[in-house]
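Below is one structure, written out as structure tokens; the observations come after it.
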């Protein structure tokens, strides 16, 4: 795979969506968890989405249960939690592995494109990847980087 647009992902309902559907848009791809200390970032992420979605910005949330079992087992529980507690309206995809032997190919690509502070592997929930309108991974953010800290970079690529 040579481009973010070569990947397909499973929506919350199980339907497959090609990332090519997002060509020409700026993306923020986030591995999420409902029961994590960083979970309140959903509020800031939704704020960014509300502010910039009409300028071609999309957030794609990918739940993972690989860090101390901080995600619900059931997809409907994950989506309900995000909507009811944080008003999340951006897509929350099927729960995936973001590291290890069963790492989702999308996250394998992302972590190869932008290594983290300690190498490529995702270290915790709410690692974020900013993708420009051409599908290039322009920045990787650690979990503690709040949505407010990402906003300047986001505005620059929009």
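In UniProt numbering, the protein residues as written are 1 to 158.
Note that the Cβ used here is the ideal one computed from N, Cα and C, for glycine as well.
Since the model is a prediction, treat every value here as computed from it, not as a measurement.
- Within the same chain, no Cβ atom closer than 6 Å to the Cβ of residue 85 is found once the five residues on either side in sequence are excluded.
- Contact holds between the stretch 124-139 and the stretch 22-33, because three or more Cβ pairs, one in each stretch, are under 8 Å apart.
- Under DSSP, residue 63 takes part in a beta bridge, and its partners are 32.
- With respect to the 8 Å criterion, residue 137 and residue 123 are not classified as neighbours on the basis of their beta carbons.
- For residue 89, the closest of 50, 23 and 139 by C-alpha to C-alpha distance is 50.
- Annotated three-state conformation of residue 10 is strand, per DSSP.
- According to the DSSP secondary-structure assignment, residue 91 is paired through a beta bridge with no residue.
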